[in-house]
Structure formats: C-alpha cells, structure tokens
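Engineer: Chains as they are written, first to last, in our numbering: chain A, -2 to 300; chain B, -2 to 300.
Note that the Cβ used here is the ideal one computed from N, Cα and C, for glycine as well.
Number of protein chains: 2
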Amino acid sequence: MTSPCAVGVDVGGTFVKLGLVQGHRILTQRALPTASIGSTPRKLQEGLVKAVGSLVRESRRRITGVGVGIPGWVQYPEGVVRSCANLPGWKDVPLRALLSRRLHLPVSVDNDVNVMTLAEWTAGAGRGARNLVCVTLGTGVGGGLILDGRLYRGWNGFAGEIGHIPVAEAGPRCSCGGIACLERYVGNREILQRVRDQLKQGVASVIPELVGGDLRRLTPEVIDRACELGDPLGRQTWRWVGTQIGLVLIGVVNLLNPERIVVGGGISKAGRWLFEPMRKTVRRRAVRGASRFEETRWSTWMR
Amino acid sequence: MTSPCAVGVDVGGTFVKLGLVQGHRILTQRALPTASIGSTPRKLQEGLVKAVGSLVRESRRRITGVGVGIPGWVQYPEGVVRSCANLPGWKDVPLRALLSRRLHLPVSVDNDVNVMTLAEWTAGAGRGARNLVCVTLGTGVGGGLILDGRLYRGWNGFAGEIGHIPVAEAGPRCSCGGIACLERYVGNREILQRVRDQLKQGVASVIPELVGGDLRRLTPEVIDRACELGDPLGRQTWRWVGTQIGLVLIGVVNLLNPERIVVGGGISKAGRWLFEPMRKTVRRRAVRGASRFEETRWSTWMR
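1) Taking the beta carbon of Gly286(A) as the centre, do at least 16 other beta carbons fall within 10 Å, making it buried, or is it exposed?
2) Give me the DSSP bridge partner(s) of Trp70(B).
3) Using a Cβ-Cβ cutoff of less than 6 Å, which residues in the same chain neighbour His161(B) once the five nearest sequence positions on both sides are dropped?
4) Is there a C-beta anywhere in chain A that falls below 7 Å from the one on Glu75(B)?
5) Rounding to the nearest angstrom, what Cα-Cα distance links Asp211(B) and Asp194(B) in this structure?
6) If you measure between the beta carbons of Ala28(A) and Val18(A), is that distance less than 7 Å?
7) Got a sec: is the Cβ-Cβ distance from Gly243(B) to anything in chain A below 7 Å?
8) Would you give the residue range spanned by the beta strand (DSSP E) that Asn153(A) belongs to?
9) Assess, as a yes-or-no matter, whether the region 61 to 74 of chain B is touched by the region 95 to 105 of chain B under the definition of 3 or more beta carbon pairs within less than 8 Å.
10) Terminal residues of the continuous beta strand (DSSP E) containing Ala3(B)?
11) What whole-angstrom Cβ distance do Ile301(A) and Leu252(B) have, given they're in contact under 8 Å?
12) Which residue from Arg236(B), Met113(B), Val245(B) and Gly199(B) puts its Cα closest to that of Glu166(A)?
13) So is Val200(A) buried or exposed if we call it buried at 16+ other beta carbons inside 10 Å?
14) Within 7 Å of any Cβ in chain B, is that where the Cβ of Val130(A) sits?
15) Would the region 132 to 142 of chain B and the region 211 to 223 of chain A be scored as touching if the rule is three or more Cβ pairs under 8 Å?
16) Please report how far the alpha carbon of Arg214(A) lies from the alpha carbon of Ile204(A), in whole angstroms.
17) I need the DSSP call for Cys173(B), collapsed to helix, strand or coil.
18) Ala120(A) and Glu256(A): beta carbons closer than 7 Å?
19) Which residues in chain A have a C-beta closer than 9 Å to the C-beta of Ala122(B)? List them in chain order.
20) What residues of chain A sit near Val284(B), judged by a beta carbon separation below 8 Å?
21) Using a Cβ-Cβ distance under 7 Å, would Trp87(B) count as near chain A?
22) Measuring straight from C-alpha to C-alpha, what distance separates Arg181(A) and Gly227(A)?
23) Are the C-beta atoms of Gly262(A) and some chain B residue less than 7 Å apart?
24) Name the two residues that bound the continuous alpha helix (DSSP H) containing Val46(A).
25) Could you spell out where the beta strand (DSSP E) holding Cys131(B) opens and where it closes?
26) Using the Cα positions of Val164(B) and Val164(A), report the straight-line distance between them to the nearest angstrom.
27) Just tell me which of Trp152(B), Ser202(B) and Val279(B) has its CA closest to the CA of Thr240(B).
28) According to DSSP, is Asp228(B) helix, strand or coil?
29) How would you call Val13(B), buried or exposed, if buried means at least 16 neighbouring beta carbons within 10 angstroms?
30) Which of helix, strand or coil does DSSP assign to Leu189(B)?
31) For the region 40 to 66 of chain A, list every residue whose C-beta sits within 8 Å of some C-beta in chain E, in sequence order.
32) Can a CB atom of chain B be found closer than 7 Å to the CB of Gly151(A)?
33) Closer than 8 Å by C-beta to Val49(B): which residues in its own chain qualify, once you throw out the five before and the five after it? Chain order, please.
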C-alpha cells in the first residue's frame, strides 16, 4: 500500500499548475495554459474540476485532499474567491464548495501568497521560524506573514500587502487606488520600463546588443546577463530596485521584528546583484541591524 | 469585604506615576518626580519598592499584583529591563524579581507601549478589536500591536516600532541608527523646531504673540491655540504632521489590515487639526480605504 498523496493547484492568469505531492515531495507536475482550460469564468471552473479530477484518477493513489492557491482575494476558510485581478469575471465564486462537491474530496482554497508562505514556512526557506515575512517579486509584489507561529490574515483577509506600502509622498498612481506603492517601482514591467527609459536617454549599456536591438525583448533575465558581463546600467538597475525594496523592508522589520525574511519570485533570480543592496539597506538602517541584537535572517528561493 | 485591587506603575524619565486600580477603575493616583525617587539606578529601584510598598499599605486593600510599564526594552515575561534611553544606567535590571521579592506580590514588568496597548484593548478605545494598532505621539512615536487577539512582541520583543519606519530614502539620522525615521519628523521636539524655523523664515503667525515673543515657550498646546484662532501656520503644521503619520499608517494598514487604529499621547490633543489630515491620507490611499470593503476604524484617546 502506498502512502496517501494530495493535489496542489496554482491558478495563475497565464498557467494553471497542478502537482501531485506526497509529504513535501512533488511526484508529478503539470502546467496548462489558463486560456486552454476555459475562456469564461464558468468554463474555467469546470475545466479546473476536470484537470484535478484526471490527475487524481491517473495517479491511482489515495488522495487526502486538494489545495488551491488563487491570485486574488479569497474568503478563508470558506474558499470563496471574492475578486481576482488576473481572472476577469471571478467574483464571489464559491470555488471550495464547487470543487469539493464535484471531486468528493476535502478542498482548501486560499490566496496564492498565503499558500506560498505556508509552504516556505513548513518545508522551505522559512522552516522553523516563529515570525516570518515572505516577499514575492514578479509582475506584482506580494507578501505573506507568519506571526507567532500562525499565518496572519488580518481583519478582512488582506494582510501582507507589502507591494502596496508607499515609498514616497507623491508618485505614480497604483491599481489598488494608492499612490507611490512599492509595486509601481519594482514590479517587473516598471523595472523594464526604467531600463528602456535610461537607454533612450543615451545611457551606455550592453543591453541593446543582448536583445538584438529590439527592446521589446528585454526581460529581467537579460538584465541579469548584463550584470554578469559587468554592465553598469544592469548593476545600477538591480541596486536601485534592491534599495527600494530594502527601504520598505526596514519599515516591515521595525514594525514586525521578524526572525526571518524570505524573498522569492521571478526577479529574485537576479541573485546577489539584487539581494546585496537589499540586505545592506536593511542591515544599515533597521533598528535590529543597528543594534547589538541578533539580526533578522534572510533566505531566498527561486521556485 | 472589599474586592481586590492591583497597583499600576508607569515609570517615565520625568515622572513615576502610580495608581491603585479596581477592575478598570482607578481609585488613587500619585505622580512623583523620577529624580525625587532616586538619583542612581540602584536608588531609583529602591525608591520604586518603597513608593509601591507605601501605596499598598496605605490602601488597606487586598492587592493581587503589581504591573509596571518601562519606556525601554524589557525581556518579557522575565521582567528584565535590558536597556532604557530615559533611565540612564538601567541595563539588564531584573526589576520583576526585585519588586516581587521585596513586595511579596506577583509582579509583571513590560514595555510601556505594550501595557498601554493592552489597556486600550481591554478597557479603552480599542476594546473588542481582534486586530489593533496603537500609536503614541510624544517626544518619541511608539506603537503596539494586537494581532489575532494577542499582543504581538516579535522575535526579540521589539515589534511595533512605528516611529522608526522611514518616511523617505534620505533624511536626518535617528538615535536608533536609522535614517529619516517618522519620529525624526513628528516627535514633539521636531514639530516645535519646524514651527520655529518657519517663523524665522518670516512666516506670518499669531504664535509669537501667544508666547510673548519667547519661542522657547512654544509647546504643542500653543500650536493648538493658534489653530483655534485660525492661524494658518498652526493649521499647516498639524496638517503636515498628520499627513506624515498618515503616510506611514498607509503602509501599516496595507501590511496588517487592522480592524482599528488607536492614536494617543501628548500631541494627539491637537484633535481634529491633526486627525483629519491623518485619516484622510489613509482613507484616500490605503488598499482598504480605496476599496468597497469595510474601512479600518479609528479611535483617539488623550489619557
């Protein structure tokens, strides 16, 4: 008899990723373009039922439950998707009830950064920390909090919005309704635009060559490659991004006094070019860093 | 038979305040100049024992315990005062053990903002909130957090340092080792200096008249009086201070999604001149405020 498994589902705007897991080990993974699963909210929900169902059947294992991460506002533990910027039309969708009824399995539906935070805390870079701040860097900037050994959700389930901490009094308007939110400076799109703007202003760089003269092909990975080649614009870009994130993390550290900060997501692949200025900013300026007391520990992950 | 009482002690750099309390009612209060109690750390500790002891004896009540708030870093629940900016020479003082041994009573020693937060939560402006942010405005800016129905202390007992959240990338250095901390802009001294600077620059105001031409006599209360008289400099000052505090609270709200914010302390007496711009800043720009969801509630106290 094989030991029981569970199914994890990451619903993204571009891909739906499914995994069959045993303990903390992933046995099978699958990634399906979200658009191929369903073009309307209803079809996508039906498609999710089918995709999870076929993974369950094909596994020929005893499945103890299904966990789903959604990039939006989820009412927990009810598992109702209240709204979701990347899944147009999803509004007050009782996803947990729907999946559970159709799959005849226990289902848990939560915000994707919350489930990422729980994963890093129980099995990843934040294992064992009683107070943990998780930061995801990508198109948006997300945050998850483990406080006193529990996931902290806040009053309406909205806690952890590190990407919407303002970095200045004035600045660009954000989709959240705020002004000068961190995300408006260090989201993927904004970083690429910053590089393009500087190139237009005539800053010398190897980057145009790396993209064959076509700046639409600029990605965070191209900036990383430029850094490795010693490019000042590439390095200055990550230094600036790291400093901005660090400035916000000073406030987070002084407010929450966490034991550990875990930083992950797409642009965290930039590695030391990004992390050194980020850590240095916090170490130099946070109450903890300036004191003789033990410093917040840092981890990064690139899953 | 009278019901049992407790003694509360607020140890400040200027005054030590003692109160005999029954439930949430204060029966007797006493304020002694800290310097009159003791001039050295050891004498002050001895003096505290005597002051509490005489209050206990004079009360002729059954005393269930003593609670002490200290304006510094306290190791809890051990009640060891690790350091304290306003009580020079206090370093690793086992105050709880000392008081308990000498008074033959259960004693609890904690940071003063933590005990203030617990008081506002159980009996004051934050009663009933599961997630509460307390802010104290005075010489320094302090913060206390009730998260998921418990006082949150963080990893080293340093959580809640709202006054040390930076408001800008560059700015004045702070005693905490940081740069551009909120406290360096909206601490009492900094507010008064700001007004003096503007008067020196020739800004017209009723303030010089209110202090009889002696700007050393400027206090927050004078600015309040100027506001009531319609003085533009007075009103602009609180508007600016409120906006700066509001900007930091946007980040706190977006990170912690609290149910309620309680603001108190000396300069909170400025009332609406200060609170309206503070609230407006948060309401306009925080994720919660910009959304259709229920807004964080606000309370003020002026104890």
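Structural biologist: Straight from the coordinates:
1) A caution first: Gly286(A) carries a pLDDT of 46, below 50, which makes its placement in the model too unreliable to give a value.
2) Beta-bridge pairing links Trp70(B) to Ser80(B).
3) Counting only Cβ-Cβ distances below 6 Å, and skipping sequence neighbours, we find Cys173, Gly175 and Cys178.
4) Not closer than 7 Å to any Cβ of chain A, the Cβ of Glu75(B) fails to qualify, so no.
5) When the Cα atoms are used, Asp211(B) and Asp194(B) turn out to be separated by approximately 14 Å.
6) Judged by their CB atoms, Ala28(A) and Val18(A) are not nearer to each other than the 7 Å cut-off.
7) So, not an interface residue.
8) Per DSSP, Asn153(A) lies in no beta strand (DSSP E) segment and is marked neither H nor E.
9) They touch, by the three-pair rule.
10) Counted as a single uninterrupted DSSP element, the beta strand (DSSP E) harbouring Ala3(B) occupies residues Cys2 to Val8.
11) In the structure as shown, chain A starts at -2 and stops at 300, and residue 301(A) therefore has no counterpart that could be examined.
12) Nearest to Glu166(A) by alpha-carbon distance, out of Arg236(B), Met113(B), Val245(B) and Gly199(B), is Val245(B).
13) The residue is exposed, with fewer than 16 neighbouring Cβ atoms inside 10 Å.
14) No, its Cβ sits nowhere closer than 7 Å to a Cβ of chain B.
15) Note that the region 132 to 142 of chain B does not touch the region 211 to 223 of chain A; fewer than 3 beta-carbon pairs, one per stretch, sit closer than 8 Å.
16) Approximately 10 Å, taken between the alpha carbons.
17) Coil at Cys173(B), not helix or strand.
18) When the beta-carbon positions are compared, Ala120(A) and Glu256(A) stay at least 7 Å from each other.
19) Within 9 Å of the CB of Ala122(B), no CB atom of chain A is found; the nearest one sits about 16 Å away.
20) Within chain A, the residues near Val284(B) are Phe155, Glu158, His161, Cys173, Gly174 and Gly175.
21) Any Cβ of chain A closer than 7 Å to the Cβ of Trp87(B) would place that residue at the interface, and such an atom is absent.
22) So the two alpha carbons sit approximately 27 Å from each other.
23) Residue contact with chain B for Gly262(A): absent (no Cβ-Cβ distance below 7 Å to any residue of chain B).
24) Unbroken alpha helix (DSSP H) run through Val46(A): Pro38 to Ser56.
25) Run containing Cys131(B): Leu129 to Leu134, per the beta strand (DSSP E) assignment.
26) Whole-angstrom Cα-Cα distance: 7 Å.
27) Of the candidates Trp152(B), Ser202(B) and Val279(B), the one whose C-alpha sits nearest the C-alpha of Thr240(B) is Val279(B).
28) Correct three-state label for Asp228(B): coil.
29) That one is buried.
30) Here Leu189(B) sits in helix by DSSP.
31) Structure shown: chain E not included; protein chains present are A and B.
32) Yes, its Cβ sits closer than 7 Å to a Cβ of chain B.
33) Scanning its chain for C-beta atoms nearer than 8 Å, with the 5 sequence neighbours on each side dropped, one finds around Val49(B) the residues Val4, Val6, Leu15, Val63, Leu96 and Leu100, in chain order.
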